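2 protein chains.
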Amino acid sequence: MGKPTVHDIAKEAGVSLATVDRVLNARPGVRGKTVEKVQKAIGSLGYVRDISAANLARQRQYRFAFLLPEGQSQFLQEIRRAIAEAAVSNIADRSEMRVINVSLQDPLSMMRVQQEILEKNIDGVAIMANETPTVRDMIMRIKQAGRIVVTLVTDQPKSERDHFVGVDNVASGRTAGVLMGRFLGQREGKIAVVVNSTNERDMAERRLGFDAVIARDFPLLATLPSLEGRGEQDLPAEITRACLDRHPDVIGLYCAGAGLRSVTKVLEERSMAGRVTVVGHELTPLSREALQRGVVDVIITQNVGHLIRSAARVLRAKCDGVDIVESQEKIRIEIVIRENLI
Amino acid sequence: MGKPTVHDIAKEAGVSLATVDRVLNARPGVRGKTVEKVQKAIGSLGYVRDISAANLARQRQYRFAFLLPEGQSQFLQEIRRAIAEAAVSNIADRSEMRVINVSLQDPLSMMRVQQEILEKNIDGVAIMANETPTVRDMIMRIKQAGRIVVTLVTDQPKSERDHFVGVDNVASGRTAGVLMGRFLGQREGKIAVVVNSTNERDMAERRLGFDAVIARDFPLLATLPSLEGRGEQDLPAEITRACLDRHPDVIGLYCAGAGLRSVTKVLEERSMAGRVTVVGHELTPLSREALQRGVVDVIITQNVGHLIRSAARVLRAKCDGVDIVESQEKIRIEIVIRENLI
DNA sequence: TCATAAATGATGTGCGTACCTCAAATCAAG
DNA sequence: CTTGATTTGAGGTACGCACATCATTTATGA
Chain A
1054 MGKPTVHDIA KEAGVSLATV DRVLNARPGV RGKTVEKVQK AIGSLGYVRD
1104 ISAANLARQR QYRFAFLLPE GQSQFLQEIR RAIAEAAVSN IADRSEMRVI
1154 NVSLQDPLSM MRVQQEILEK NIDGVAIMAN ETPTVRDMIM RIKQAGRIVV
1204 TLVTDQPKSE RDHFVGVDNV ASGRTAGVLM GRFLGQREGK IAVVVNSTNE
1254 RDMAERRLGF DAVIARDFPL LATLPSLEGR GEQDLPAEIT RACLDRHPDV
1304 IGLYCAGAGL RSVTKVLEER SMAGRVTVVG HELTPLSREA LQRGVVDVII
1354 TQNVGHLIRS AARVLRAKCD GVDIVESQEK IRIEIVIREN LI
Chain B
1054 MGKPTVHDIA KEAGVSLATV DRVLNARPGV RGKTVEKVQK AIGSLGYVRD
1104 ISAANLARQR QYRFAFLLPE GQSQFLQEIR RAIAEAAVSN IADRSEMRVI
1154 NVSLQDPLSM MRVQQEILEK NIDGVAIMAN ETPTVRDMIM RIKQAGRIVV
1204 TLVTDQPKSE RDHFVGVDNV ASGRTAGVLM GRFLGQREGK IAVVVNSTNE
1254 RDMAERRLGF DAVIARDFPL LATLPSLEGR GEQDLPAEIT RACLDRHPDV
1304 IGLYCAGAGL RSVTKVLEER SMAGRVTVVG HELTPLSREA LQRGVVDVII
1354 TQNVGHLIRS AARVLRAKCD GVDIVESQEK IRIEIVIREN LI
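For the record, the sequence lines run as chains A and B. For the first sequence, the positions run 1054 to 1395 when the working numbering is used. For the second sequence, the positions run 1054 to 1395 when the working numbering is used.
Encoded structure:
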């Protein structure tokens, strides 16, 4: 015999199909004793509702939105690509996934987005944004409207998000630190650290983990104060040049955020490529190519495809009130060098 | 209007539902011109088949089997656990997954398994086995019976398997080599290599990649001939001891196959733990613990959960004649150190 | 005990697709 | 133009479930 169906439950519990249906869908008009009978039957038969059949009958359409910050960073582009890919694959079965870009600096933009989510009956949102009170408030209001919220890449731990899809950035920074330290061997020198902005949570956490490891395990190495690229075009390159001028004994470069392009450019223009150990984050076409050329030694990354698929699956599961497969949704901190490049 | 359905296509193409159905399911008896008409309608309406409805209607039950070698290695246990987990999760939706243990040395056992697969109407098999003519023959016969075959962990490139789920072991060995070399810094010395058996394809490939990198990039390091553990209890420890006695200048230990337990034991009994750089393969409870204790420096691994889920998805896709999402099924070579341990 | 309310049963329809049968239309070849 | 084969149409049933309606049974309280 195949899987038990509602008919089997009805037979087992000695009630009618209609009653089983009432119990399953928590409709009123059933005595407590009867509910128990049915639930016992469900338990003993090991019935599990066929969600796809249920959704088919229910005509359920899921509407999910990915809230992404505006910008054209390589990482963001990868994210967008992965979303587009997931949208057509079977993960998106019966669910529509749209991308909403939001300017995180602009409260008006945020309000508009929030409106859109509530008006357009979006069932769940995956939010990728820096941790700010504004974002936290938005999450709170979306949750109050009964929607599902998962945070993506950057967590908002103090918000009431249902789930976080991403990695532990402190551990990520620690990983970078260990690899930097060990790759540098017993050499003595300084490590320059480039971040986007010191008040972005990711950057701060990575830096924290990185510094802790270097301080603890590699006494011959010293990390310099953060160089802030602020997401601008030429700034990262300039400050990197300035830093290298000031500190000729820089033997390592940790690129905790964007700006890897500029940094590698500077190294190459000074023919220091390969002589300075470079550790960066996020695998993109650019960083991949830099790895291949040997300008960058290690990239710490998270699989973007996995990230998006996981977010989609979690949103679905939360909407259905179904358990998620923990191990499948755990995003790993990946270490990529030239040799294990996909 | 919602998503287009088969009815919409029929209307658009000016044909009947039955014809649309024939085209969609590639049934015979439709003129080429008609097929085109229908496909044009599908394209212009942007129709996508509702997979859950299709599966519901099809009432298709998939029967898959995982052929695993007998044995109780940690890696195998992890594989079994992952299969059990996948069997109950939604990946196994409408599909039943069983494990068949087979003694690869025993041709009779092989024959019996082959019989079982053919008789019990198994739709697809995932095979994990060393590359031998016997296995290749078995795959051929299973394929001839019209079943799907994917190879797992170890490929059988010369067979007619439909797909390989696993990593490139040469690249895996190269990765191990680079990490070994860089972790050892500028030191000079020897590297002992422990394998299960030199005529297992995986081992040979890993060793190949490892040696190539060491030879090319790390002239101060020399790799010793393989120590064969042969899957026995105490042998790996013994030969490791012997090797360390003979070569006091061993500064690195590459464990390409099983036997990590014995190897670490020997290092610890000689208080060499932490002083010899150890690189191993496959993350298991044991190797994880060794990483945490600092006895092992790096583990090169593949995510077992991903491996099994991927195999299940591929089997499904091949049975349905559906395309697979390449990027999702690509198994990555993962580098694990203490800091990025899940 | 009877009226009334509450609980339950019986039954039907529809979701989007697969698959089957049989009749009708169309086609190719003689 | 006829014959036989091929192609197409029409329609039904099923999958597992949700949801609705109405009839019937059972419990509750006066």
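No residue lacks a Cβ here, since even glycine has one placed at the ideal position from N, Cα and C. Predicted model only: the values in this text are computed from it and were never measured.
Residue i and residue j look like a contact to me (Cβ under 8 Å); what is the Cβ gap, rounded to whole Å?
| i | j | result |
| --- | --- | --- |
| residue 1205 of chain A | residue 1188 of chain A | Not a contact, Cβ separation roughly 12 Å. |
| residue 1245 of chain A | residue 1277 of chain A | 5 Å |
| residue 1125 of chain B | residue 1362 of chain A | Not really, about 33 Å apart at Cβ, beyond 8 Å. |
| residue 1202 of chain A | residue 1180 of chain A | 6 Å |
| residue 1254 of chain A | residue 1226 of chain A | Not really, about 12 Å apart at Cβ, beyond 8 Å. |
| residue 1176 of chain B | residue 1372 of chain B | 5 Å |
| residue 1348 of chain B | residue 1320 of chain B | 6 Å |
| residue 1171 of chain B | residue 1198 of chain B | 5 Å |
| residue 1057 of chain B | residue 1109 of chain B | Not quite, the Cβ-Cβ distance comes to about 19 Å (not below 8 Å), so this is no contact. |
| residue 1140 of chain A | residue 1386 of chain A | About 26 Å separates the two Cβ atoms, so there is no contact after all. |
Is the separation between the beta-carbon of residue i and that of residue j shorter than 9 Å?
| i | j | result |
| --- | --- | --- |
| residue 1265 of chain A | residue 1230 of chain A | yes |
| residue 1214 of chain B | residue 1208 of chain B | yes |
| residue 1378 of chain A | residue 1142 of chain B | yes |
| residue 1149 of chain A | residue 1358 of chain A | no |
| residue 1422 of chain A | residue 1107 of chain A | Here chain A has residues from 1054 to 1395 only, and residue 1422 of chain A is not among them. |
| residue 1418 of chain A | residue 1091 of chain A | The structure shown does not extend to residue 1418 of chain A, since chain A is modelled only from 1054 to 1395, so the question has no answer here. |
| residue 1314 of chain A | residue 1280 of chain A | no |
| residue 1351 of chain A | residue 1332 of chain A | yes |
| residue 1157 of chain A | residue 1122 of chain A | yes |
| residue 1292 of chain B | residue 1282 of chain B | yes |
| residue 1274 of chain A | residue 1233 of chain A | yes |
| residue 1182 of chain B | residue 1129 of chain B | no |
| residue 1388 of chain B | residue 1388 of chain A | yes |
| residue 1310 of chain A | residue 1250 of chain A | yes |
Would residue i pass as an interface residue toward chain B - the criterion being a Cβ-Cβ separation below 9 Å?
| i | result |
| --- | --- |
| residue 1383 of chain A | yes |
| residue 1393 of chain A | yes |
| residue 1387 of chain A | yes |
| residue 1143 of chain A | yes |
| residue 1353 of chain A | yes |
| residue 1114 of chain A | yes |
| residue 1246 of chain A | no |
| residue 1055 of chain A | yes |
Given that residue i touches chain B, what residues does it touch there, using C-beta distances under 7 Å?
| i | result |
| --- | --- |
| residue 1421 of chain A | Any property of residue 1421 of chain A remains undetermined from this structure, which presents chain A solely from 1054 to 1395. |
| residue 1358 of chain A | 1380 and 1381 |
| residue 1146 of chain A | 1104 and 1105 |
Hey, does residue i have any beta-carbon neighbour from chain A nearer than 9 Å?
| i | result |
| --- | --- |
| residue 1203 of chain B | no |
| residue 1262 of chain B | yes |
| residue 1239 of chain B | yes |
| residue 1101 of chain B | yes |
| residue 1067 of chain B | no |
| residue 1266 of chain B | yes |
Can you pull the chain A neighbours of residue i, defined as C-beta to C-beta under 7 Å?
| i | result |
| --- | --- |
| residue 1058 of chain B | Result: empty, since nearest Cβ-Cβ is about 12 Å, beyond 7 Å. |
| residue 1106 of chain B | 1109 |
| residue 1227 of chain B | 1392 |
Nearer than 8 Å: is that true of the beta carbon of residue i relative to any heavy atom of the ligand ATP?
| i | result |
| --- | --- |
| residue 1063 of chain A | In the structure on display, the ligand ATP does not appear, and there are no ligands present to speak of. |
Taking C-beta pairs closer than 8 Å, name the residues in chain B that residue i reaches, listed in chain order.
| i | result |
| --- | --- |
| residue 1231 of chain A | 1390, 1391 and 1392 |
Under 8 Å between beta-carbons, which chain A residues line up against residue i? List them in chain order, please.
| i | result |
| --- | --- |
| residue 1138 of chain B | 1378 and 1380 |
| residue 1362 of chain B | 1381 |
Fill in: the stretch 1199-1224 of chain B: positions lying closer than 7 Å to chain A by Cβ
1224
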